Structures are given as structure tokens and as C-alpha cells.
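*Asks:* The sequence shown begins at 0 in numbering that gives the first Met the number 0 and counts up one residue at a time.
One structure, as C-alpha cells, below. Some questions next.
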Amino acid sequence: MTPSRTYWDQAEILPLSKLQKNQLSAINAVLARARKQSTFYKGKIRSTRIDSLSQISNLPLTRKDDLRKASLWDTVVVKREDIAEYHASSGTTERPYIMAMTKRDIKVSNDTLARTWYMHGVRKGHLIQMMVSYGLFTAGLLNQYAIQRIGANIVPAGAVNSEQQISLMKKLVPDFLVAVSSHFLRLISFAESHDYKLPKFRGLIGGGVPVSSQDRTWIQTKLRSPFFNQYGLAEINTGLAGECEYHDGLHIQSDYAYPEIIDPQSEEPLTEGEEGVLVLTALKRDGQLLIRYVTNDITSLNFSPCRCGRTLPRLSPIKGRVDDTIFVKGMKLDTAYLASLLGELSPRNSGTNWRLTISRTHGRDHLKLAINLPAELDAEYVKQFLQEKLSLTIDEVDVQNKTLPEDEHKPKHILDLRKLEALC
Ligand SMILES: [Zn+2]
0 MTPSRTYWDQ AEILPLSKLQ KNQLSAINAV LARARKQSTF YKGKIRSTRI DSLSQISNLP
60 LTRKDDLRKA SLWDTVVVKR EDIAEYHASS GTTERPYIMA MTKRDIKVSN DTLARTWYMH
120 GVRKGHLIQM MVSYGLFTAG LLNQYAIQRI GANIVPAGAV NSEQQISLMK KLVPDFLVAV
180 SSHFLRLISF AESHDYKLPK FRGLIGGGVP VSSQDRTWIQ TKLRSPFFNQ YGLAEINTGL
240 AGECEYHDGL HIQSDYAYPE IIDPQSEEPL TEGEEGVLVL TALKRDGQLL IRYVTNDITS
300 LNFSPCRCGR TLPRLSPIKG RVDDTIFVKG MKLDTAYLAS LLGELSPRNS GTNWRLTISR
360 THGRDHLKLA INLPAELDAE YVKQFLQEKL SLTIDEVDVQ NKTLPEDEHK PKHILDLRKL
420 EALC
């Protein structure tokens, strides 16, 4: 579609009724493919047709664990040689999910994600400094392709340290910085401690982890530039939703991923404005199908028209998660995986009592692990072990902690002292 001056794609301003009609036929096409081609869904999906969008709630949910247990090839619905690229979920702090994309997937992804970047104000000729990891991490390459689709230019800085990032900024003066939201806090504290004055930017684009309203204000004030929130997930795609210039919720590309909100306990659908768990159905994926995927992210949906003119519904900023995943140091940490690693350290004492205390000072997370381990294991060994397995630094480890309750029925393993209620 020819880009207009205000929007990248006219699909962003379709009347809601037309959008919903398209969503319904896309869901039915996905169901037909699932029944016919998907080893993963064949036994699960009984009908190949729904007559209204509300009937989607009759279809089974797909959970992260279902995907992790399945073999990659059960989820792929095309020939192996048709997979052009493989990407994976963010860090090594959780068991990775592999995303298999055909050439068509890449093209559709570029066209769809380009809308999100255009919405943030990215235009042809702008320079974007990407401070996110490349390699398997979807946020790197897939977003880079979409930005290049607009005709903007890239500094693929990746995850180099703050000093190198700042040196690049000074030399190249990018229009936009892109990072996991919490990395902006690190950048600010590094620049301040070294007396570096950073230039103003057209925009700071952050995703990956929820950002509190206080942190957001801090980032915008210190860097004298507007902040744009973005949301995506490896299972469907990165950069799926983002803020327009009015910063009033994140427009979701809902002709690409159909959003629903469900109650986390009853799993019943919730209505507009009600807060619950975001469930997404991939409508345009070619290599893999994903039906009613439970993201575990807490948000709500707003269908009212936005001042920018887009009719794409808006997600409220993600408030947190309902599963075992927590966000620390800009990464996702699967606490069930951490528990299994700690169990490996002390196999004779499985279910080892431990506590991870998370605090935050000047925008930096501090992790302290208290655990009782056999005398031959010292703190340095445990730190090193977890660093290798999780790519995450535990700042303090106390291996002979006497304050842990010995016989707690449901031990509280994570003590998060950051103000999670402040997340918005
Ligand atoms: Zn808008």
C-alpha cells in the first residue's frame, strides 16, 4: 500500500467494522490451516469455523508451557526448507522459544512493524541507534528490517557498553535511540557519573520490560526527549504495538495479531477497559500458527478512536505478569528455571530454601541471593554458576544464610522491593 503522509498504511485507519470483518475471515483461515496442516493443533482444534469474533472464546487457549513441551517441528506448518530465518525469545534467563519464519513471514512482518515505527515518528533518512541485542533476539534484526522498510538508517550498536553507545551518539548524532526500557536508566546514570552531556533526540523508543510512570518521567526529563513505549513478544512478533504522538495507550497491529483480554482465574473473556491477561491469535503467520496464545501480560483494551485518527485498538501499558517470569536488569528471569538450577547445586536437598531479594537504586536493579548450601560451595562458585547458566549477574550471594525459614509450607522465594504497584 502507498504510504500516506500521516500513516504508513491505510489499514491503520480502517473503520472498526471492516477491521473486525477481516479479523473474522483471517481467524477462519487460520483454523482451517490448523486442522489440516498442524501436528500441534490437529487434536486440539475441533471446529474449522467461527461465525462471530465472540465465538473465539470457545477455542482452546495455548500456553507457553504447551509450546515449550512441543517439538519445534510440530509447530511448523510448512516444509523445513521453506523456513528462511529462525529467531528466539529474548534472553537465556528462560527456556527459549524458537520462531520459524518463511520469506513471506519476513515480508509481512516488515510491512506490519514499519507501521509501529512510523507511528513513533521514524521517517526516511532518520538515523536510529539500536541498543538492543542482535543475533537470535527478535527485537534486533526484525525491527531493523522494518525500520529499513521505511527508508530510515541504522546504527546496529547492539548490546555494547554505555561508553561505546555514548561515543557513537556523539559521533553520529542519531535521531532516535532504541533500547530495552530499563537500559535508558543505566545510560543516564553512566552519562551523569562521567559528566557527559547527551544531545536531544527526536525520540527514545523502549520495550521489553514494563516501565513505571516515574521511570518514564525520569528518562524523558534527563534526556530531554519524548519516550515511546513499544510492546512485542517473540512467540508472535516484536514491535507489535506502540505509542503514537499522543502517548495514550499502545496501538496494536490487530490485523496481524487478534487481541483478547481474559480473566486470569476463570479464563472468561473480559470487556473493553477491564484489566486481565492479554491473549493473542496470530492472523498472518505463514511458517507457524498460534491460536489464543496466553501472553501472561496484564493489560486492558481500548477501542475508542484515538486523537491521531488510527482505529487500531490500544493496549494500556503492561502492568506486569501473572506467571513465574519477572523482569530484572532489563531481562526476563524465569523463576521456575532459577529454582531448578539452585536444585542442581544441592541435589540431595531438592526444593532448597532460598530467597532472591531485588531492590533498585538510581535505576539499577540489585540482586541478593540467600541460600543454605553444603559447606564446600562458596559464594563465588554460585555466582559463577548462575552467571554461566542465566547470563545474569547476582550481585550478592550468601550461601550459609541462617535467617531463611526451615520449614515454610509455601516459601516466598522472590522478595521484590521495587515498587511494582508503581508500574503503569
Ligand atoms: Zn493514536
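For every residue, glycine included, the Cβ atom is placed at its ideal position computed from N, Cα and C.
Just so we're clear, the structure is a prediction, and the values are computed from it rather than from any experiment.
1) Where does glutamate 266 fall in DSSP's three states?
2) Note the first and the last residue of the continuous alpha helix (DSSP H) segment covering alanine 240.
3) Work out the CA separation of glutamine 143 and asparagine 109 for me, nearest whole Å.
4) Can you grab the Cα-Cα spacing for the pair alanine 369 / leucine 239, in whole Å?
5) So the candidates are Lys388, Trp353, Trp217, Thr38; which of them puts its Cα closest to the Cα of glutamine 399?
6) Hey, aspartate 296 and leucine 277: beta-carbon distance below 8 Å or not?
7) In the DSSP assignment, the beta strand (DSSP E) including tyrosine 257 goes from what residue to what residue?
8) Taking only the alpha-carbon atoms, compute the straight-line gap between alanine 421 and valine 293 and give it to the nearest angstrom.
9) Hey, is the region 117-135 in contact with the region 170-181, meaning 3+ C-beta pairs nearer than 8 Å?
10) Since I believe proline 268 is in contact with serine 56 (beta carbons under 8 Å), could you give me their beta-carbon distance rounded to a whole number of angstroms?
11) Ordered along the chain, which non-local residues of its own chain (more than five positions away) have a Cβ less than 8 Å from that of isoleucine 325?
12) For arginine 425, tell me which candidate among Glu271, Ala338, Arg45, Leu288 has the shortest Cα-Cα distance.
13) For threonine 91, which residues from the same chain have a beta carbon less than 6 Å from its beta carbon, with the 5 sequence-adjacent residues on both sides left out?
14) Hey, quick one: how far does the alpha helix (DSSP H) through glycine 139 stretch, first residue to last?
15) Is arginine 291 closer than 8 Å to proline 59 when the C-beta atoms are compared?
16) Any heavy atom of ligand 1 closer than 7 Å to the beta-carbon of tyrosine 6?
17) Does the Cβ-Cβ distance between threonine 115 and glutamine 252 come in under 8 Å?
18) Buried or exposed, going by whether 16 or more other CB atoms sit within 10 Å of the CB of glutamine 164?
19) Residues in its own chain within less than 7 Å of glutamine 19 by CB, not counting five upstream and five downstream?
20) Quick one: does the C-beta of tyrosine 245 sit closer than 7 Å to a heavy atom of ligand 1?
21) Under the rule that 16 or more other beta-carbon atoms within 10 Å means buried, what is arginine 148, buried or exposed?
22) Going along the chain, which residues of its own chain have a beta-carbon closer than 8 Å to the beta-carbon of alanine 256, five neighbours each way excluded?
23) Give the DSSP bridge partners of leucine 184, in chain order.
24) Determine the direct distance from the alpha carbon of arginine 185 to that of lysine 382, and round the result to whole angstroms.
25) Once DSSP output is grouped into helix, strand and coil, what is the label at methionine 100?
26) Assign asparagine 160 to one of two classes, buried (16 or more other C-beta atoms within 10 Å of its C-beta) or exposed (fewer than that).
27) Is it true that the CB of valine 29 sits closer than 8 Å to the CB of leucine 203?
28) Would you grab the beta carbon distance between arginine 299 and isoleucine 260 for me? Rounded to a whole angstrom, and I think it's under 8 Å.
29) Grab the span of the alpha helix (DSSP H) containing arginine 34 for me, first residue to last.
30) Enumerate, from N- to C-terminal direction, the unbroken alpha helix (DSSP H) stretches of 4 or more residues contained entirely within the region 299-348.
31) Check this for me: beta carbons of glycine 248 and glutamine 229, under 8 Å apart or not?
32) Sorry if obvious, but does the Cβ on arginine 309 come closer than 7 Å to a heavy atom of ligand 1?
33) Since phenylalanine 227 contacts glycine 241 with CB under 8 Å, what's their CB separation in whole angstroms?
34) Any idea what DSSP makes of phenylalanine 226, helix, strand or coil?
35) Quick check on DSSP: helix, strand or coil for serine 46?
36) What do you get for lysine 328, buried or exposed, if any count of 16 or more other CB atoms within 10 angstroms of its CB means buried?
*Replies:* Inspection of the coordinates gives the following:
1) Taking the first residue of the sequence shown as position 1, residue 266 is located at position 267. Three-state DSSP puts glutamate 266 in coil, outside helix and strand.
2) Looking up residue 240 in the sequence shown gives position 241. Premise fails: alanine 240 lies in the beta strand (DSSP E), 236-241, not in any alpha helix (DSSP H).
3) Residue mapping note: residue 109 aligns to position 110 of the sequence shown, counting from 1. Residue mapping note: residue 143 aligns to position 144 of the sequence shown, counting from 1. One C-alpha to the other measures close to 9 Å.
4) Against the sequence shown, residue 369 aligns to sequence position 370. Against the sequence shown, residue 239 aligns to sequence position 240. Answer to the nearest angstrom: the Cα atoms are 38 Å apart.
5) As a working mapping, residue 399 is identified with position 400 in the sequence shown. Comparing Cα positions, the closest option is Trp353.
6) Here residue 296 is taken as the residue at index 297 of the sequence shown, counted from 1. Here residue 277 is taken as the residue at index 278 of the sequence shown, counted from 1. Cβ atoms of aspartate 296 and leucine 277: closer than 8 Å.
7) Residue mapping note: residue 257 aligns to position 258 of the sequence shown, counting from 1. That run of the beta strand (DSSP E) goes 256-261.
8) As a position in the sequence shown, residue 421 is number 422, starting the count at 1. As a position in the sequence shown, residue 293 is number 294, starting the count at 1. Residue placement at alanine 421 is flagged as unreliable, the pLDDT there being 40, under the threshold of 50; the coordinate-derived value follows with that caveat. Cα to Cα, the separation comes out at about 24 Å.
9) yes
10) Position 57 of the sequence shown, counted from the start, is the residue given in the question as residue 56. Position 269 of the sequence shown, counted from the start, is the residue given in the question as residue 268. At roughly 5 Å, the Cβ-Cβ gap stays under 8 Å, so serine 56 and proline 268 are in contact.
11) One-based indexing of the sequence shown puts residue 325 at position 326. Here the set comprises Lys331, Leu332, Thr334, Ile357, Ile413, Asp415.
12) The displayed coordinates of the chain run from 0 to 423. Any statement about residue 425 would go beyond what the structure contains.
13) Mapped onto the sequence shown, residue 91 falls at position 92. In this predicted model, threonine 91 has a pLDDT of only 44, less than 50, meaning its place in the structure is not dependable; the value taken from the coordinates is given anyway. Once the five neighbours on either side are set aside, the close Cβ partners of threonine 91 are Ser390.
14) Position 140 of the sequence shown, counting from 1, holds the residue named residue 139. It spans 137-149 - the alpha helix (DSSP H) in which glycine 139 sits, taken as one unbroken run.
15) As a first step, residue 59 must be located in the sequence shown, where it is residue number 60. As a first step, residue 291 must be located in the sequence shown, where it is residue number 292. For proline 59 and arginine 291, yes; Cβs fall inside 8 Å.
16) Translated into the one-based positions of the sequence shown, residue 6 becomes position 7. No, the beta carbon of tyrosine 6 sits no closer than 7 Å to any heavy atom of ligand 1.
17) Locating residue 115 in the sequence shown gives position 116, counting from the first residue. Locating residue 252 in the sequence shown gives position 253, counting from the first residue. Contact flag set, yes.
18) On the sequence shown, position 165 is the one that residue 164 refers to. Glutamine 164 should be labelled buried.
19) On the sequence shown, position 20 is the one that residue 19 refers to. Counting only Cβ-Cβ distances below 7 Å, and skipping sequence neighbours, we find Leu52.
20) Reading the sequence shown from its first residue, position 246 is the one you call residue 245. Yes, ligand 1 has a heavy atom inside 7 Å of this Cβ.
21) Position 149 of the sequence shown, counted from the start, is the residue given in the question as residue 148. Answer is buried; the Cβ neighbour count reaches 16.
22) Taking the sequence shown and counting its residues from 1, one reaches residue 256 at position 257. So the list reads Ile235, Asn236, Leu239, Leu279, Thr280, Ala281, Leu282, once near-sequence residues are dropped.
23) Along the sequence shown, read from residue 1 onward, the residue named residue 184 stands at position 185. DSSP lists no partner for leucine 184.
24) Against the sequence shown, residue 382 aligns to sequence position 383. Against the sequence shown, residue 185 aligns to sequence position 186. If you take the alpha carbons of lysine 382 and arginine 185, they lie about 22 Å apart.
25) The count along the sequence shown starts at 1 and reaches residue 100 at position 101. Strand at methionine 100.
26) Counting from 1 along the sequence shown, the entry for residue 160 is found at position 161. With fewer than 16 other Cβ atoms within 10 Å, it is exposed.
27) Locating residue 203 in the sequence shown gives position 204, counting from the first residue. Locating residue 29 in the sequence shown gives position 30, counting from the first residue. For leucine 203 and valine 29, no; Cβs fall outside 8 Å.
28) Position 300 of the sequence shown holds residue 299. Position 261 of the sequence shown holds residue 260. Reading the sequence as shown, one finds serine at residue 299 and not arginine. Yes, serine 299 and isoleucine 260 are in contact; Cβ-Cβ is about 6 Å, under 8 Å.
29) Here residue 34 refers to the residue found at position 35 of the sequence shown. Residues 15-36.
30) 334-344
31) Locating residue 248 in the sequence shown gives position 249, where the first residue counts as 1. Locating residue 229 in the sequence shown gives position 230, where the first residue counts as 1. Contact flag unset, no.
32) Locating residue 309 in the sequence shown gives position 310, where the first residue counts as 1. Yes, the beta carbon of arginine 309 sits closer than 7 Å to at least one heavy atom of ligand 1.
33) Within the sequence shown, the letter at position 228 stands for residue 227. Within the sequence shown, the letter at position 242 stands for residue 241. Yes, they are in contact, since the Cβ atoms of phenylalanine 227 and glycine 241 sit about 6 Å apart, within 8 Å.
34) Here residue 226 is taken as the residue at index 227 of the sequence shown, counted from 1. Strand at phenylalanine 226.
35) Numbered from 1 along the sequence shown, position 47 holds the residue referred to as residue 46. Coil, per DSSP.
36) Within the sequence shown, numbered from 1, the residue matching residue 328 stands at position 329. Result: buried.
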